[in-house]
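**Student:**
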Amino acid sequence: TGVVAGAVEVGSSITYTFAVTNTGNAVIDNIVITDPMIGLILPVSTIVSLAPGATNNSIVGTYVIKQTDIDAGAVTNSALAVGKDALGNPVQDRSGTTLDTDDPTITDLVLNPSVSTTKEGRYVDTNNDGIVNVGDQIRYKFVVNNTGNTSLSNVMITDAKVAIVGAAIPMLASNTSNSTAFSAVYNITQADIDAGVVYNLATVEGTSPTGQKVTNTSTDPTSYP
2 TGVVAGAVEV GSSITYTFAV TNTGNAVIDN IVITDPMIGL ILPVSTIVSL APGATNNSIV
62 GTYVIKQTDI DAGAVTNSAL AVGKDALGNP VQDRSGTTLD TDDPTITDLV LNPSVSTTKE
122 GRYVDTNNDG IVNVGDQIRY KFVVNNTGNT SLSNVMITDA KVAIVGAAIP MLASNTSNST
182 AFSAVYNITQ ADIDAGVVYN LATVEGTSPT GQKVTNTSTD PTSYP
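Okay, here's the thing in structure tokens:
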């Protein structure tokens with residue numbers, strides 16, 4: 002069996018317990034557990050002896066979860082137990098979810114995709130006269146944050162007020178940010194000057210590995226007189 006310790010994120014772990022049962026009528030000696038999964042740590046992998054009908058679950062392994070595992074939504078693996086009977090003949094069985102099966106152990110991982118963005122505007126006095134005029138600019142900077150535990154693809158910013166400069170981010174890893182992919186320039190109008198403020202929001206959208214769309218509205222929009 003595989004049990005995830007704590008929240009599902011890169012660096013968290015799955016603890017595997019290998020329960021070996023002697024289903025025969027003779028003692029099995031020198032039982033060795035092997036598991037081909039790369040990254041699995043088995044501090045102890047050998048059972049000295051196992052009596053008929055007995056079960057030994059002392060072998061415990063640890064696997065550190067990777068981003069590819071989370072994006073896949075599960076970790077799948079199988080183990081092999083090989084021992085010897087009284088005559089030295091090998092006795093073996095592949096792990097399963099029951100004593101009678103050899104199906105792989107699948108540990109499901111809870112996916113929590115999410116995204117956020119901040120939008121910061123900087124006023125530019127284009128004619129350097131020290132007065133807010135029609136045609137002066139607000140230059141926007143966007144920071145996109147992958148706040149979930151999955152990778153996100155095709156991450157894009159949309160804004161009803163300005164034209165976004167920049168192409169969609171092909172892939173944004175969990176717990177990473179991008180502050181260079183998107184920008185925008187807004188030309189101040191007379192209506193803006195009369196209102197005394199320019200206020201608007203942007204929307205970020207990304208796609209999880211399962212095809213789920215996640216969106217969020219920008220925070221901390223900056224107002225300008």
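Residues in the sequence shown are numbered consecutively from 2, following our numbering.
By construction, the Cβ of each residue, glycine as well, lies at the ideal position given by its N, Cα and C atoms.
From a predicted model like this one, the values you see are computed outputs, not experimental measurements.
Alpha carbon to alpha carbon, how far is V65 from T24? Give it in angstroms, no decimals.
**Tutor:** Taking the straight line from one Cα to the other gives about 32 Å.
**Student:** Taking DSSP as the reference, what is the three-state secondary structure of A196?
**Tutor:** Looking at A196 - three-state DSSP - the assignment turns out to be helix.
**Student:** Can you name the residues that DSSP bridges to P114?
**Tutor:** According to DSSP, which records beta bridges pairwise, P114 is partnered with nothing at all.
**Student:** State buried or exposed for T88, treating a residue as buried only when at least 16 other CB atoms are found within 10 Å of its CB.
**Tutor:** One detail in the question is off: residue 88 reads as Leu in this sequence, not Thr. L88 should be labelled exposed.
**Student:** Consult DSSP for T159 and reduce its assignment to one of helix, strand or coil.
**Tutor:** In the structure shown, T159 sits in a strand (DSSP, three-state: E or B).
**Student:** List the residues that DSSP assigns as beta-bridge partners of G74.
**Tutor:** Note: G74 sits in no beta bridge, so no partner.
**Student:** Which residue's Cα is closest to the Cα of V205: D72, A196, L153?
**Tutor:** Out of D72, A196, L153, L153 has the C-alpha closest to the C-alpha of V205.
**Student:** I need the DSSP call for A185, collapsed to helix, strand or coil.
**Tutor:** A185: strand per DSSP, three-state reduction.
**Student:** Just verifying my parser: in three-state terms, what is the DSSP assignment at P226?
**Tutor:** For P226, the predicted structure reports a pLDDT of 46, less than 50, and the residue's modelled location is therefore unreliable. A value from the coordinates is still provided. Three-state result, P226: coil.
**Student:** On the DSSP bridge list, what partners appear for I170?
**Tutor:** I170 pairs with V156.
**Student:** Could you please give the first and the last residue of the uninterrupted beta strand (DSSP E) stretch that includes L41?
**Tutor:** Neither: L41 is in no beta strand (DSSP E) and is coded neither H nor E.
**Student:** Would you kindly check if the distance between the Cβ of V76 and the Cβ of D70 is under 7 Å?
**Tutor:** Yes, these two residues count as a Cβ contact at 7 Å.
**Student:** As a quick exercise: from S115, S46, A20, pick the residue whose alpha carbon is nearest that of P37.
**Tutor:** If we check each option's Cα against that of P37, S46 comes out closest.
**Student:** Spell out a yes or no on whether the stretch 191–205 and the stretch 150–169 are touching, meaning 3 or more CB-CB pairs, one atom from each, closer than 8 Å.
**Tutor:** Yes, the stretch 191–205 touches the stretch 150–169.
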